[in-house]
Amino acid sequence: MPRPTPQDFIAWTNTLVHFPWPIQLNDFAPYAEKLGWKPTLRPTWFSVCADDDVGNVIVSENESGNIYRLRVSMARNETEDFEGAAELNDHFVSCVAAGRKAWGEPFLLEAGEDPAATWKFPEGAFAQVTGGFRAVLFRFFTPQGQWYFA
């Protein structure tokens, strides 16, 4: 499977916002399957792209065991040069454009070396795409992670 696309970002977010949060990490596997994510040997990691760290989903839980954040490395600058960074920027811009088309203007826009666009959903969740020289990340904050934006 190629690296996750802007359409994946939209589809995953549209599915994640409707999950019955809070969800405990130990109970997340059936939900991950609905997203097409496969369990790995690490309990907090799920695989999106076979045999590749790009596309691994890393799930973070709070002290109660509730998931508050999911993070996916959408693309990496494997050459670690400016051409690779330009490709990442194109991927980031495509994700932001897809988000604007799907949900309207972001709740929060951040500029600079690590730009980010964040959308807030009525369910209390947030979807964020971040860019930069090294990677494009998709982060989803459940209602249990909304403190991050307080």
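Using the working numbering, the first residue of the sequence shown is number 141, and each one after it goes up by one.
Just so you know, even glycine gets a beta-carbon here, dropped at the ideal spot from N, CA and C.
On a predicted model such as this, the values are computed, not experimentally measured, just so you know.
Determine the DSSP secondary structure at residue i, reduced to helix, strand or coil.
i, result
"residue 253", "coil"
"residue 238", "helix"
"residue 141", "Any answer about residue 141 is weak, because its pLDDT of 41 lies below 50 and its placement is not dependable; what the coordinates show is given next. Three-state DSSP puts residue 141 in coil, outside helix and strand."
"residue 226", "helix"
"residue 289", "helix"
"residue 243", "helix"
"residue 188", "coil"
Assuming residue i contacts residue j (C-beta within less than 8 Å), just tell me the rounded distance between them.
i, j, result
"residue 85", "residue 210", "With the chain covering 141 to 290 only, the question about residue 85 has no answer from this structure."
"residue 253", "residue 283", "Wrong, their Cβ atoms sit about 30 Å apart, outside the cutoff."
"residue 356", "residue 188", "One cannot answer for residue 356 here, as it falls past the ends of the chain, which runs 141 to 290."
"residue 197", "residue 228", "Incorrect: roughly 19 Å between the Cβ atoms, too far for contact."
Considering only their Cβ atoms, is the gap separating residue j from residue i smaller than 8 Å?
i, j, result
"residue 285", "residue 232", "no"
"residue 164", "residue 205", "yes"
"residue 261", "residue 269", "no"
"residue 169", "residue 179", "yes"
From the DSSP output, which residues share a beta bridge with residue i?
i, result
"residue 207", "201"
"residue 182", "DSSP, once it has assigned bridges, lists no residue as partnering residue 182."
Determine the extent of the beta strand (DSSP E) in which residue i is found, giving its start and end residues.
i, result
"residue 147", "It is not in any beta strand (DSSP E) - residue 147 instead sits in the alpha helix (DSSP H) that spans 146-156."
"residue 172", "Not the beta strand (DSSP E): residue 172 falls in the alpha helix (DSSP H), residues 169-174."
"residue 281", "275-281"
"residue 267", "266-270"
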